[in-house]
Amino acid sequence: MRKSKIILEICVDSVESAIAAQRGGADRIELCSALLVGGLSPDSALYHNVRRHTNLPVRVLLRPRAGDFCYTGYEFDILCDEVRLFRELGADAVVIGCLTPDGQIDMERMEKLCDLAGGMDITFHRAFDMVRNADEALEQIKRLGISTVLTSGLSADVEKGKDTIRSLIESAGDKVMIMPGAGVTEKNIGRLAEELPTGAFHMSAKTLIDGSMKYRNPDVSMGNGDISEFTLWRADEEKIRMARRALDKKG
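Written as structure tokens, this is what we have:
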């Protein structure tokens with residue numbers, strides 16, 4: 012069942028973007044670092060500063076590295092420590108997910124993470140989009156007691172995955188919130204809200220801004236050269252405001 016107000020969640024990796032999310036009318040944020048690689052775990056300093064400058068509920072994405080969601084023992088230990096840390100810091104929820112090599116949800120590891128989360132709310136992140144069988148994975152999530160699944164419908168974006176998302180919403184009933192994300196923008200969110208009867212949408216509202224460096228050494232790159240060190244991604248307050256208005260018309 013759709014709630015009277017559709018939740019707008021904004022994924023952010025900076026204090027500036029968190030402030031933009033609040034000013035634009037977001038209901039909550041998903042906090043991460045390194046959004047350009049799909050999001051990695053934030054550190055406690057970023058968390059504390061976001062809390063200091065905003066009052067939105069904070070869901071913390073926990074992902075120890077970029078790449079797939081089948082973790083080594085060392086990586087899983089880090090993930091466990093991060094769940095403990097952000098539970099102690101008072102995060103409103105954790106956003107987690109572990110898979111097995113054959114594309115199923117790693118129930119043993121997820122059970123441990125859910126236990127470590129205690130009474131925190133839990134979102135199963137887009138690792139869900141890497142599973143072999145969406146219906147089977149959803150039943151596993153129900154058994155784990157996880158409240159929310161972030162998904163693009165096992166596709167590159169929500170537009171391509173709409174049919175799967177719609178099927179998941181029907182199967183989930185009132186047990187799990189299916190939250191569409193990936194390719195959700197201020198331009199399509201109103202239409203998506205008509206087509207997908209869910210209670211929450213996830214977007215980043217990213218925009219490119221020019222960095223503050225005046226001197227720019229053209230011969231040095233800190234990464235692989237595909238992304239300029241002098242260009243920054245930030246959440247756009249006006250895009251968020253437009254998305255909020257579009258959802259308010261549908262709620």
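In our numbering, the protein residues as written are 12 to 262. Using N, Cα and C, we set each Cβ at its ideal position, and we do this for glycine too.
**Message:** How far does the alpha helix (DSSP H) with GLU86 in it extend, from its first residue to its last?
**Reply:** Mapped onto the sequence shown, residue 86 falls at position 75. GLU86: member of the alpha helix (DSSP H) spanning 84-100, first to last residue.
**Prompt:** Taking the runs of the beta strand (DSSP E) that are 3 residues or longer, which of them lie wholly in the segment 110-172?
**Reply:** Counting only runs of 3 or more, we get 132-135 and 159-162.
**Asked** Is ASN83 buried or exposed, if buried means 16 or more other CB atoms sit within 10 Å of its CB?
**Response** Within the sequence shown, numbered from 1, the residue matching residue 83 stands at position 72. The sequence given here has Thr at residue 83, not Asn. Under a 10 Å Cβ-count criterion, THR83 is classified as exposed, with fewer than 16 other Cβ atoms of the shown protein chains found around its own Cβ.
**Prompt:** Is it right to say PHE80 is buried, meaning 16 or more other beta carbons lie within 10 angstroms of its own, or is it exposed?
**Reply:** For the purposes of this step, residue 80 is taken as residue 69 along the sequence shown, with counting starting at 1. Only buried fits PHE80, as 16 or more other CB atoms lie within 10 angstroms of its CB.
**Request:** Measuring alpha carbon to alpha carbon, tell me which of LEU207, LYS198 and GLU197 ends up nearest ARG177.
**Result:** In the sequence shown, residue 177 corresponds to position 166, counting from 1. Looking at the Cα atoms, LEU207 is the closest of the given residues.
**Message:** Please report the straight-line C-alpha distance between ALA128 and VAL69, rounded to a whole angstrom.
**Reply:** Taking the first residue of the sequence shown as 1, we reach residue 128 at position 117. Taking the first residue of the sequence shown as 1, we reach residue 69 at position 58. Between the alpha carbons of ALA128 and VAL69 lies a distance of about 15 angstroms.
**Residue span of the beta strand (DSSP E) that contains LYS217, given as start and end** = Working through the sequence shown from its first residue, we reach residue 217 at position 206. Looking at the DSSP string, the run of the beta strand (DSSP E) that includes LYS217 is 217-221.
**Prompt:** DSSP on VAL61, reduced to helix/strand/coil?
**Reply:** Your numbering for residue 61 matches position 50 in the sequence shown. VAL61 falls in the helix class under three-state DSSP.
**Prompt:** What first and last residue would you give for the beta strand (DSSP E) that runs through MET190?
**Reply:** Locating residue 190 in the sequence shown gives position 179, counting from the first residue. Here the beta strand (DSSP E) through MET190 covers 188-191.
**Prompt:** Mind checking LYS198: buried by the 16 CB within 10 Å criterion, or exposed?
**Reply:** For the purposes of this step, residue 198 is taken as the residue at position 187 of the sequence shown. It counts as exposed.
**Prompt:** Can you tell me whether DSSP reads ILE200 as helix, strand or coil?
**Reply:** As a first step, residue 200 must be located in the sequence shown, where it is residue number 189. Assigned with DSSP and collapsed to three states, ILE200 falls in helix.
**Prompt:** Using DSSP with H/G/I as helix, E/B as strand and the rest coil, what is VAL106?
**Reply:** As a working mapping, residue 106 is identified with position 95 in the sequence shown. Note: VAL106 maps to strand in three-state DSSP.
**Request:** Would you give the residue range spanned by the beta strand (DSSP E) that ILE251 belongs to?
**Result:** In the sequence shown, counting from the first residue as 1, residue 251 sits at position 240. Note, ILE251: premise wrong, no beta strand (DSSP E); alpha helix (DSSP H) at 248-259.
**Inter-residue CB distance, THR175 and ALA145 (contact presumed, cutoff 8 angstroms)** = One-based indexing of the sequence shown puts residue 175 at position 164. One-based indexing of the sequence shown puts residue 145 at position 134. About 6 angstroms separates the beta carbons of THR175 and ALA145, which is inside the 8 angstroms limit, making them a contact pair.
**Message:** Quick check on DSSP: helix, strand or coil for ILE21?
**Reply:** Locating residue 21 in the sequence shown gives position 10, counting from the first residue. If DSSP states are grouped into helix, strand and coil, ILE21 belongs with the strands.
**Request:** Leaving out five residues on either side along the sequence, give the residues of the same chain with a beta carbon under 6 angstroms from the beta carbon of GLN33.
**Result:** In the sequence shown, residue 33 corresponds to position 22, counting from 1. Correct list, in chain order: THR65 and LEU67.
**Endpoints, the beta strand (DSSP E) within which GLU27 is located** = Taking the first residue of the sequence shown as position 1, residue 27 is located at position 16. No beta strand (DSSP E) holds GLU27; the alpha helix (DSSP H) holding it covers 26-35.
**Asked** Would a C-beta distance cut-off of 9 angstroms place THR218 and ALA246 closer than the cut-off?
**Response** On the sequence shown, residue 218 is found 207 positions in, with the first residue counted as 1. On the sequence shown, residue 246 is found 235 positions in, with the first residue counted as 1. It is a contact, given that the beta carbons lie within the stated cut-off.
**Request:** Rounded to whole angstroms, what's the CA-CA distance from ALA77 to CYS43? Just pull it up for me.
**Result:** For this step, residue 77 is matched to residue 66 along the sequence shown. For this step, residue 43 is matched to residue 32 along the sequence shown. Taking the straight line joining both Cα atoms gives about 12 angstroms.
**Message:** Starting from LEU72, trace the beta strand (DSSP E) in both directions and tell me its first and last residue.
**Reply:** Residue 72 sits at position 61 when you count from the first residue of the sequence shown. Membership of LEU72 in the beta strand (DSSP E) is indicated by the continuous run 69-72.
**Message:** Could you check whether the segment 218-227 touches the segment 185-201, counting it as contact only if at least three pairs of C-beta atoms, one from each stretch, sit closer than 8 angstroms?
**Reply:** When Cβ pairs closer than 8 angstroms are counted between the two stretches, the segment 218-227 is seen not to touch the segment 185-201, the count staying below three.
**Request:** Using three-state DSSP, classify LEU207 as helix, strand or coil.
**Result:** Walking along the sequence shown from the start, residue 207 turns up at place 196. It is coil, neither helix nor strand.
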